[in-house]
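Take 916 as the starting number for the sequence shown in this note's numbering and just add one per residue. The beta-carbon is built from N, C-alpha and C at its ideal position, and this holds for glycine as well. Here the structure comes first, spelled out in structure tokens, and everything after it is commentary.
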Amino acid sequence: MLAKIPKFITVPALLLILLFVSYVLSNIGSGKSSFENFFLGSQNLFKESTPQEDPVDQLLENSAKNFDGNYAIYIKNLKTGNLSEVNPDEKFTSASLYKLAVMYKAYDSLVKKEISMDETLSGNSADLDNVLTGVQDDTDLGNQQAASFDNQNQTIAYPVSEALRLMITISDNYSALLLAQKLGWQNIDQLMEKEGFLGIDLIGPDDPTVTARALGNLLEKIYRNQAVNPQSSSEMEQLLFDQKINDRIPKYLPQDIKVGHKTGELDGIRHDAGIVLGKKSHYIFVFLTDSLQPLDAAEKIAILSKQIFDLLEKD
């Protein structure tokens, strides 16, 4: 004799049968089998989820609406390798960012013993003034050093070590020119090409030009101790950490956060390129701008820098 099926089983089973029959009848002509309609529905319930947009990419997309003029941005998370960029290969007049290339070549020549730290570099102020157009920096500190030689035809002399310090930390133009002339503009350019920084062009038909990507790659080599050699990388990084012009990338960052960077400034141009060492994140941030409102552009760099820092430190 068959066992009697309890009501608590038969009632739900009956309801399921009725539901299935009803579903089949309601989906006749849908073009799908009853099985597909019942178990998968009239639409695919298992759609592939769209990858979530990177928050830094999202920030750049939203911020771009407020930027005037031409700009390029390159941000690389040095721990994860995540890259966010806008116009990274667009060429910009370098302003004083060419000094990063001069510094790089100086350390290359120091290692090869082509120059020494205590070697004195000298030049005539009038002669140096003649070649400053297009490469001089218009920052207050950069001009302060040159101002003492205005309208004077006199000799300017620095040891290589001091020229490097002044060129990077206060963007001194005479120091940069003395170094560049000693090293040779073409030699600097050739080293940039050899190292893979193809967007840095110091001897082209236009003013010296740079791209955000090339500068980012140069800074990353310094960070990873791959620029010339580990000791040279460390010394270059320290020069960048000693930067005195801090109205852009570091402006709104906490005081205890290390930022090694180099600014560039000419009429309409405000650049900054640096390495930021946060408590949770290390990253490269390069922002190049050519704008009719350069003061506004500098402030936007500072604001975006803080927003990026906050995002990356949350991870």
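May I ask you to report which of helix, strand or coil DSSP gives residue i?
i: K1229; result: helix
i: S1009; result: coil
i: L1047; result: coil
i: F953; result: The pLDDT assigned to F953 is 39, lower than 50, so where the model puts this residue is not dependable, and the model offers no usable value.
i: S1024; result: helix
i: N1039; result: strand
i: I1071; result: strand
i: I1030; result: coil
i: I1083; result: helix
Just the Cα atoms here: how many angstroms apart are residue i and residue j?
i: A1072; j: I1030; result: 15 Å
i: A987; j: E1228; result: 23 Å
i: M1018; j: S1147; result: 10 Å
i: V1143; j: Q1069; result: 35 Å
i: S1206; j: I1184; result: 6 Å
i: P1074; j: S1090; result: 9 Å
i: S1149; j: N1140; result: 7 Å
i: G956; j: F1202; result: Here G956 scores only 48 on pLDDT, less than 50, and its place in the model should not be relied on; the value that follows carries that caveat. Computed Cα separation, rounded: 50 Å.
i: K1221; j: L974; result: 12 Å
i: E968; j: T1204; result: 25 Å
i: F1224; j: K1109; result: 32 Å
i: Q1096; j: N977; result: 43 Å
i: K1194; j: G1038; result: 44 Å
i: G1119; j: K1006; result: 12 Å
i: L1181; j: N1161; result: 16 Å
i: Q1101; j: N981; result: 38 Å
i: D1121; j: I1199; result: 27 Å
i: L1098; j: K1028; result: 12 Å
i: G1131; j: P1145; result: 18 Å
i: P1169; j: E1034; result: 38 Å
i: Y1013; j: K1177; result: 10 Å
i: K1215; j: T1008; result: 19 Å
i: A979; j: V1026; result: 42 Å
i: L1210; j: G996; result: 32 Å
Using a threshold of 7 Å, state whether the C-beta atoms of residue i and residue j are closer than that.
i: A1129; j: F1112; result: yes
i: D1023; j: L1081; result: no
i: H1197; j: L993; result: yes
i: L1047; j: N1088; result: yes
i: A1078; j: L1036; result: yes
i: L1117; j: I1103; result: yes
i: L1134; j: A1021; result: no
i: S1076; j: M1032; result: yes
i: L1154; j: I1083; result: yes
i: E1152; j: I1137; result: yes
i: G1179; j: G1189; result: no
i: L1226; j: V1001; result: no
i: A1212; j: I1115; result: no
i: D983; j: Q1208; result: yes
i: I1085; j: K1159; result: yes
So, does the CB of residue i fall closer than 7 Å to a CB anywhere in chain D?
i: I1160; result: In summary, chain D is missing from the structure at hand, where a single protein chain is found.
- prompt: Which residue spans inside the region 1096–1184 form an unbroken beta strand (DSSP E) run of at least 3?
  reply: 1173–1181
message: Threshold first: 3 residues or longer. Then list the beta strand (DSSP E) segments lying entirely within the region 1196–1226, N to C.
response: 1197–1205
- prompt: What beta strand (DSSP E) runs, 3 residues minimum, are completely inside the region 970–1006?
  reply: 985–992 and 998–1001
query: Does the region 1162–1176 touch the region 976–990, meaning 3 or more C-beta pairs lie closer than 8 Å?
result: Between the region 976–990 and the region 1162–1176 there are fewer than three C-beta pairs closer than 8 Å, too few to call the two in contact.
message: Does the contact criterion of 3 or more C-beta pairs under 8 Å hold for the region 1035–1047 versus the region 1126–1145?
response: Using a C-beta cut-off of 8 Å, the region 1035–1047 makes no contact with the region 1126–1145, since fewer than three inter-stretch Cβ pairs fall below that distance.
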